[in-house]
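Number of protein chains: 2
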Amino acid sequence: MAATVKIADVPAPDTRTRILGKAIEAFGDRGYDAVSLDDLAEQLGVRKQTILYHFGSKKELFEATIDSAIGDLGATLIAAAKGNTGWPAVEAVVHAVFRIAVRQPARLGVLREVMRLGGEWSARATVAMEPIIARARLFLSLEMRRGHMRQTDPNLLLVSAYSTVMGVATEVEVLRAVGIEPTLREAVRRRRELLKFLEAALR
Amino acid sequence: MAATVKIADVPAPDTRTRILGKAIEAFGDRGYDAVSLDDLAEQLGVRKQTILYHFGSKKELFEATIDSAIGDLGATLIAAAKGNTGWPAVEAVVHAVFRIAVRQPARLGVLREVMRLGGEWSARATVAMEPIIARARLFLSLEMRRGHMRQTDPNLLLVSAYSTVMGVATEVEVLRAVGIEPTLREAVRRRRELLKFLEAALR
DNA sequence: GAGGCCGTGTACCAGTTGGTAAGGAGGGCG
DNA sequence: CGCCCTCCTTACCAACTGGTACACGGCCTC
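Protein chains in written order, with the working numbering: chain L, -6 to 196; chain S, -6 to 196.
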């Protein structure tokens, strides 16, 4: 964003950037295996070998995708938390997650996909997420010590909260299974409901 | 189980059954795309064409996998809930899920995978799960009316609870990311912690 | 023992996959 | 001009994918 204001900062996205963008989109919502370089190339109006020129292999491309998507996600969440303490911090983070879920669901999709694949890739993502995890853990510990939050293992609480938020924000098919259509209006209601759920669970 | 006791009930699993079993395992923990019929055949010590003889195509095999895994899962959960009311019912279901997560993680994996893939398959799984969903919804509504549970939209509550339980029970890589190793001992602790989380969130 | 069905194996195949090799087109620069 | 460097293309390819056609052997029935 802000591309219209700055002068020569983001000068019409170069090919590499365009590829990465589409890669996040594709990998994020179809998964690693289901995306072929040929597909991707066609969508970009470019030959597959162009992709392989910029990123040496599909694996490398995916690694770049992970770093980009997760780095970005982390930055967004940390920015959301910044300046807030206590419950408002949780609210701010959940808001941020939902905003991403609505606008760029694939970005969260990449995280989901990486965790699904496991192995080296999960490890890579784990490293990329370390800052957020550390921050979240610290936050929870602090809130517990202050008596604002139920006393438990912060790590387990973190996993529970993560699963709940990711699930409610991104599991479109599960929502559909219980009869909830993934519309914007519903997303707002879902977020509100989720916050109540979390508030009850945490405090 | 109980194969050693019964007499001619399960007479050395026939090829079709063996294929289905391995398919659940494979699809459940590697995902649809990542499993090739050749792989599967080799693991079974059989030619790929044998698989295609019993199940006409990979798609059909996967459909059979869904029906088997999810039908079975549903039966287990309903059996667990049976006879219990109120909070003990929730505990029983969570116990059952964790038991499956420890013994046959792939069975839950199939559910996850299907929901990830979306489309016709999610629809199929949704149909297969209808009985459990209906029962759970009914249970929640009843508990709310009785005042044993926080008053909210049962559907949203269901999704939240589902996400939380599935996440904590099956998201091995997420657990690892926060430093929790997926051992049996940890699973017990996790389950206990999860129940506290749910109890706080629900009541 | 001849014929038929069931279950499995052999032989193939066309399409797609990720990846290599090599050849421009265009610009900057000596 | 000639040379190189960056970016992208055309032309291939070997491996693997799901799938078809068909032959073989054993068992049952007539």
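Beta carbons are placed, not taken as given, at the ideal position from N, Cα and C, and that holds for glycine.
Answer yes or no: does any C-beta atom of chain S fall closer than 9 Å to that of MET122(L)?
-> yes
Tell me whether TYR155(L) sits in a helix, a strand or coil according to DSSP, three-state version.
-> helix
Residue nearest to GLY102(L) in terms of C-alpha spacing, selected from ALA194(L), VAL120(L), ARG196(L) and ALA16(L) = ALA16(L)
Per the contact definition of three or more C-beta pairs closer than 8 Å, is the segment 112 to 122 of chain L in contact with the segment 48 to 60 of chain L?
-> yes
Counting contacts by CB-CB distance shorter than 9 Å, is GLU35(S) in contact with chain L?
-> no
For THR157(S), go through chain L and note every residue whose CB falls closer than 8 Å to its CB, in chain order.
-> SER153, SER156, THR157 and GLY160
Straight-line gap, GLU56(L) to ARG196(S) (C-alpha atoms, nearest Å) | 43 Å
LYS51(S) to GLY24(S), Cα distance in whole Å?
-> 13 Å
Enumerate in chain order the residues of its own chain whose CB-to-CB distance from LEU33(L) is below 7 Å, with the five nearest sequence positions on each side excluded.
-> LYS15, ALA16, ALA19 and ILE44
Span of the alpha helix (DSSP H) holding GLY146(S)?
-> According to the sequence as given, residue 146(S) is Asp; it is not Gly. Per DSSP, ASP146(S) belongs to no alpha helix (DSSP H) and is neither H nor E.
Do you know offhand how far GLU186(S)'s Cα is from LEU30(L)'s?
-> 43 Å
Listed by chain order, chain S residues near SER115(L) by CB distance under 8 Å | GLU166, ARG169 and ALA170
Compare the C-beta of ILE59(L) against all C-beta atoms of chain S and say whether one is closer than 9 Å.
-> no
Per DSSP, what kind of secondary structure is SER61(S) in: helix, strand or coil?
-> helix
Determine the closest residue to ALA85(L) out of VAL158(L), GLY172(L), ALA194(L) and ARG169(L), with distance taken between C-alpha atoms.
-> VAL158(L)
Skipping 5 residues on each side, what residues in its chain have a beta carbon closer than 8 Å to that of MET142(L)?
-> LEU133, GLU136, LEU195 and ARG196
Taking GLN97(L) as the reference, which of LEU54(L), THR163(L), ASP7(L) and ARG11(L) has the closest Cα?
-> THR163(L)
Nearest-angstrom Cα separation, counted from GLU35(S) out to GLY79(S) = 48 Å
Straight-line CA distance for THR69(L) to PHE91(L)?
-> 12 Å
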